[in-house]
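Enquirer: Encoded as structure tokens, here's the structure I'll be asking about.
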Amino acid sequence: MVRYLAILGTFARACLVRDMTFRANFLLECLTSLGWMSMNLAFYLLVFTFTSEIGKGTGWTREPFFAFVATGLIINSIVQALFMPSAEELTEMVRTGGLDAVLVKPLDAQFLLSLHRVDFSAFANGIVGVGLLFWAVSRFDTPPPLVAWIIYPALMLCGVAILYALVIMLASATIHMGRNQSLYDFWFYITNFSRYPAEIYVGPWGGPLRSVCTFVIPILLVVNVPAGVLVRPLTGDAWWPVAGVVTAAAASLVVSRLVFQWSLARYRSASS
Amino acid sequence: MNSAIDPPSRARRPFAVLRVWWKMLAISIEERLVYRGDFALGTLMRFLPIVTQVFLWTAVFSATSRPDISGYSRNDIVAYYLLTMIARAFSSMPGLAGGISRSIRDGSIKKFLVQPVDYIAFLLATRVAHKLVYYIVAVIPFAAVFWVCRDFFPPVPDASTIAAFTLSLVLSFLLGFFMEATLGMLGFWFMEVSSIVFGYMLVQYLLSGHMFPIDMLAGIGTGIPGISLADVVTWLPFQFTAYFPAAVWLGKVQGAELTKLLVVEVAWVVVMVVACRFVWARGTRRYSAFGG
Numbered sequence: 250m251v252r253y254l255a256i257l258g259t260f261a262r263a264c265l266v267r268d269m270t271f272r273a274n275f276l277l278e279c280l281t282s283l284g285w286m287s288m289n290l291a292f293y294l295l296v297f298t299f300t301s302e303i304g305k306g307t308g309w310t311r312e313p314f315f316a317f318v319a320t321g322l323i324i325n326s327i328v329q330a331l332f333m334p335s336a337e338e339l340t341e342m343v344r345t346g347g348l349d350a351v352l353v354k355p356l357d358a359q360f361l362l363s364l365h366r367v368d369f370s371a372f373a374n375g376i377v378g379v380g381l382l383f384w385a386v387s388r389f390d391t392p393p394p395l396v397a398w399i400i401y402p403a404l405m406l407c408g409v410a411i412l413y414a415l416v417i418m419l420a421s422a423t424i425h426m427g428r429n430q431s432l433y434d435f436w437f438y439i440t441n442f443s444r445y446p447a448e449i450y451v452g453p454w455g456g457p458l459r460s461v462c463t464f465v466i467p468i469l470l471v472v473n474v475p476a477g478v479l480v481r482p483l484t485g486d487a488w489w490p491v492a493g494v495v496t497a498a499a500a501s502l503v504v505s506r507l508v509f510q511w512s513l514a515r516y517r518s519a520s521s
Numbered sequence: 090m091n092s093a094i095d096p097p098s099r100a101r102r103p104f105a106v107l108r109v110w111w112k113m114l115a116i117s118i119e120e121r122l123v124y125r126g127d128f129a130l131g132t133l134m135r136f137l138p139i140v141t142q143v144f145l146w147t148a149v150f151s152a153t154s155r156p157d158i159s160g161y162s163r164n165d166i167v168a169y170y171l172l173t174m175i176a177r178a179f180s181s182m183p184g185l186a187g188g189i190s191r192s193i194r195d196g197s198i199k200k201f202l203v204q205p206v207d208y209i210a211f212l213l214a215t216r217v218a219h220k221l222v223y224y225i226v227a228v229i230p231f232a233a234v235f236w237v238c239r240d241f242f243p244p245v246p247d248a249s250t251i252a253a254f255t256l257s258l259v260l261s262f263l264l265g266f267f268m269e270a271t272l273g274m275l276g277f278w279f280m281e282v283s284s285i286v287f288g289y290m291l292v293q294y295l296l297s298g299h300m301f302p303i304d305m306l307a308g309i310g311t312g313i314p315g316i317s318l319a320d321v322v323t324w325l326p327f328q329f330t331a332y333f334p335a336a337v338w339l340g341k342v343q344g345a346e347l348t349k350l351l352v353v354e355v356a357w358v359v360v361m362v363v364a365c366r367f368v369w370a371r372g373t374r375r376y377s378a379f380g381g
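Top line first, the protein sequences correspond to chains A and B.
Just so you know, we're using our numbering here: the first sequence kicks off at 250 and counts up by one.
Just so you know, we're using our numbering here: the second sequence kicks off at 90 and counts up by one.
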């Protein structure tokens with residue numbers, strides 16, 4: 250474990266050195282990332298000029314909703330920074346045969362393939378997310394209790410674990426497909442469901458969709474549960490989603506590990 | 090002398106240009122169909138963001154007493170997003186600008202400088218092929234989604250509106266192509282244009298009506314009395330790549346306004362064709378390649 254942490258530190262340091270070598274590019278990447286985020290925030294502000302709440306009686310008024318958005322920004326920035334660059338590289342490694350070099354190294358292949366590249370510019374959104382979170386929470390009518398602040402980071406880590414598992418499973422699909430340029434698109438589209446409160450998914454189509462995105466691909470738990478503990482009282486039934494996201498995170502990690510190993514067993518080298 | 094390196098004699102032959110175009114188209118279609126699984130997956134996934142938008146706006150309407158927002162009922166908004174999908178299927182050019190700048194950077198563009206093939210025409214043929222394959226793959230999911238959502242749509246408009254809608258789609262394809270191709274050719278001056286392209290995509294996404302109908306900006310001022318943000322956006326080219334075709338079908342733009350905006354769109358296409366040709370001419374003049 251200590252050895253792996255040391256290697257992770259080395260990877261991160263190497264990526265930071267590389268990013269700082271091209272400082273202008275790093276700053277530009279931060280700015281473009283912040284640009285996308287600002288555009289989405291502008292859209293949400295526009296929506297709130299037409300309504301005071303997202304969904305009647307859901308409680309997702311402006312400030313709670315922005316706390317939700319901030320939570321999503323923090324979680325997604327961690328995933329984008331730590332896991333996505335490596336997963337994207339895997340898709341090309343399979344096609345070009347570069348994966349062979351990874352498999353012969355005396356390290357766990359999943360660790361190496363999912364963490365060897367860190368994109369520090371992706372943390373920019375997370376930093377803004379933290380600011381947005383404190384701005385939104387400071388405007389709540391009832392501030393979150395201490396216990397909510399204690400479990401909030403742990404629940405965000407569960408959200409990160411669920412998304413990591415999804416990234417790994419999507420990247421594993423590359424091994425079967427030969428090429429998966431849609432990985433990033435697929436990721437964007439599937440995580441799109443987690444960008445809004447689960448309460449908006451109602452009706453004959455929304456109900457089943459909400460169930461699938463909660464129990465099959467637990468994408469709706471990723472942001473909803475951590476944000477929920479901040480905006481709602483933590484009493485009685487409110488603990489069920491907390492237990493749910495912890496269970497889902499553990500199950501997702503196990504399933505993704507199995508899928509990755511199963512996929513790797515079917516890998517055929519493309520190199521000469 | 091080989092006819093392949095004798096452009097004047099080729100030009101004299103009837104249908105020679107058409108044959109070149111057809112060959113470029115056929116090659117591109119074959120290329121596109123190599124990774125069918127990836128392509129089909131990407132096509133299917135494009136519908137997912139619409140789903141969240143539909144639920145979001147349904148939730149917004151459920152929490153407000155307004156019958157409409159900026160002239161759009163809940164059904165109109167659902168129909169609008171679906172129609173922008175069609176518009177985007179014509180106007181979006183994934184990878185075009187990046188591909189051009191890459192070929193400038195790695196030197197592969199030099200073959201177009203010595204071969205009797207017009208690079209912009211080649212790119213256009215490639216893109217037409219890409220779109221054709223995309224439509225073949227996408228027609229079934231598109232038809233299924235539109236059939237499921239048919240109750241959200243107003244009655245089918247008259248023939249002249251459908252003709253204007255079709256024209257706006259074709260023009261949006263040309264506009265999208267020449268805007269992105271021009272951006273990609275900035276690679277003659279900048280080694281890396283990805284940041285410029287990203288900035289363009291940002292502005293395009295926000296101002297094209299992809300995120301929301303541009304009419305919703307009517308209440309947002311620009312600081313100039315009597316001129317809203319929507320008024321400014323109307324004169325920019327971006328709205329023609331998503332908002333305009335959808336608004337035409339939904340009857341949000343009619344009569345003289347429709348004619349005026351079609352003329353504006355044609356003008357933007359001409360401007361971008363000229364800009365693209367100009368940038369290509371200037372860029373190739375300063376371009377230098379070394380090595381084999």
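Note that the Cβ used here is the ideal one computed from N, Cα and C, for glycine as well.
#1: Would B/Arg-239 pass as an interface residue toward chain A - the criterion being a Cβ-Cβ separation below 8 Å?
#2: Given a threshold of 16 other Cβ atoms within 10 Å of its Cβ, counted over all protein chains shown, does B/Lys-341 qualify as buried or as exposed?
#3: Quick one: what's got a C-beta closer than 7 Å to A/Cys-407's C-beta in the same chain, skipping five residues either side?
#4: Could you check which residue in B/Ser-249, B/Ile-303 and B/Pro-243 has the C-alpha nearest to that of B/Leu-325?
#5: Is the stretch 274-288 of chain B touching the stretch 361-376 of chain B in the sense that three or more CB pairs, one from each, lie closer than 8 Å?
#6: Contact criterion: CB-CB distance below 8 Å. Does B/Gly-265 meet it with respect to chain A?
#7: In whole angstroms, what separates the C-alpha of B/Ile-251 from that of A/Ala-358?
#8: Of all Cβ atoms in chain A, is any one closer than 8 Å to the Cβ of B/Ala-93?
#9: Under 8 Å between C-beta atoms, does B/Val-149 make it to chain A?
#10: For B/Val-109 versus B/Val-206, is the C-beta spacing smaller than 8 Å?
#11: Measure the Cβ-Cβ separation of A/Ala-319 and A/Val-480 and say whether it is below 8 Å.
#12: Which residues in chain A sit within 9 Å of B/Arg-194, going by Cβ to Cβ distance?
#13: Report the neighbours of A/Trp-285 on chain B: residues whose CB is nearer than 7 Å to its CB, in chain order.
#14: Using 8 Å as the Cβ pair cut-off and three pairs as the minimum, do the stretch 365-378 of chain A and the stretch 259-270 of chain A touch?
#15: Using 8 Å as the Cβ pair cut-off and three pairs as the minimum, do the stretch 206-216 of chain B and the stretch 280-291 of chain B touch?
#16: I'd like to confirm the pairing. Which residues does DSSP put opposite B/Ser-317 in its beta bridges?
#17: Taking just the CA atoms, how far does B/Leu-137 sit from B/Ala-233?
#18: Compute the beta-carbon to beta-carbon distance between A/Asp-349 and A/Ser-518, rounded to the nearest angstrom, for a pair I have assumed lies under 8 Å.
#19: Let's test the definition: count the other Cβ atoms within 10 Å of the Cβ of A/Phe-271 and tell me whether it reaches 16, buried, or not, exposed.
#20: Hey, quick one: how far does the alpha helix (DSSP H) through B/Lys-349 stretch, first residue to last?
#21: In chain B, what lies closer than 7 Å to A/Lys-305 by C-beta?
#22: Which of the three DSSP states is assigned to A/Ile-466 in this structure?
#23: What three-state label does DSSP hand A/Thr-391 in the structure shown?
#24: Taking only runs of the alpha helix (DSSP H) that begin and end inside the stretch 167-245 of chain B, which ones reach a length of at least 4 residues, in chain order?
#25: Give the residues from the stretch 306-332 of chain A that approach chain B closer than 7 Å (Cβ to any Cβ), ordered along the chain.
#26: Taking C-alpha atoms, which residue in B/Gly-372, B/Ser-377, B/Val-362 and B/Leu-258 lies nearest to B/Leu-351?
#27: With 8 Å set as the bound, which would you pick, yes or no: does the beta-carbon of A/Arg-267 sit closer than that to a beta-carbon of chain B?
#28: Just the chain B side, please: which residues come within less than 7 Å of A/Phe-442 by C-beta, in chain order?
#29: Applying the 10 Å Cβ sphere with the 16-neighbour rule, what's the burial state of A/Thr-259?
#30: Taking only three categories from DSSP, how would you classify B/Ile-158?
#31: Work out the CA separation of A/Asp-268 and A/Leu-280 for me, nearest whole Å.
#32: Roughly how far, in whole angstroms, is the beta-carbon of B/Met-305 from the beta-carbon of A/Leu-294, given that I think they are within contact range, below 8 Å?
#33: What in chain B is Cβ-close to A/Ile-468, meaning under 7 Å?
#34: I'd like the list of long-range same chain contacts for A/Ile-468, defined as Cβ closer than 6 Å, with 5 residues on each side in sequence excluded.
#35: Restricting to Cα atoms, I'd like to know which of A/Thr-298, A/Lys-305 and A/Ser-363 is closest to A/Leu-257.
#36: Curious, which full-length alpha helix (DSSP H) runs of at least 4 residues does the stretch 485-511 of chain A contain?
Expert: So, from the data block:
#1: no
#2: buried
#3: Val-494, Val-495 and Ala-498
#4: B/Ile-303
#5: yes
#6: no
#7: 55 Å
#8: With a pLDDT of only 42 at B/Ala-93, under the threshold of 50, the placement of this residue in the model should not be trusted, and no figure is reported.
#9: yes
#10: yes
#11: no
#12: Those do not exist, as B/Arg-194 stays about 15 Å from chain A at its closest Cβ, beyond 9 Å.
#13: Leu-291
#14: yes
#15: no
#16: B/Gly-310
#17: 14 Å
#18: 5 Å
#19: exposed
#20: 344-375
#21: Ser-151 and Ala-152
#22: coil
#23: coil
#24: 185-194, 199-203 and 208-237
#25: none
#26: B/Leu-258
#27: no
#28: Thr-141
#29: exposed
#30: strand
#31: 14 Å
#32: About 12 Å; that fails the 8 Å criterion.
#33: Residues of chain B passing the Cβ test: none, with the nearest at roughly 11 Å.
#34: Phe-442, Ser-443 and Cys-462
#35: A/Ser-363
#36: none
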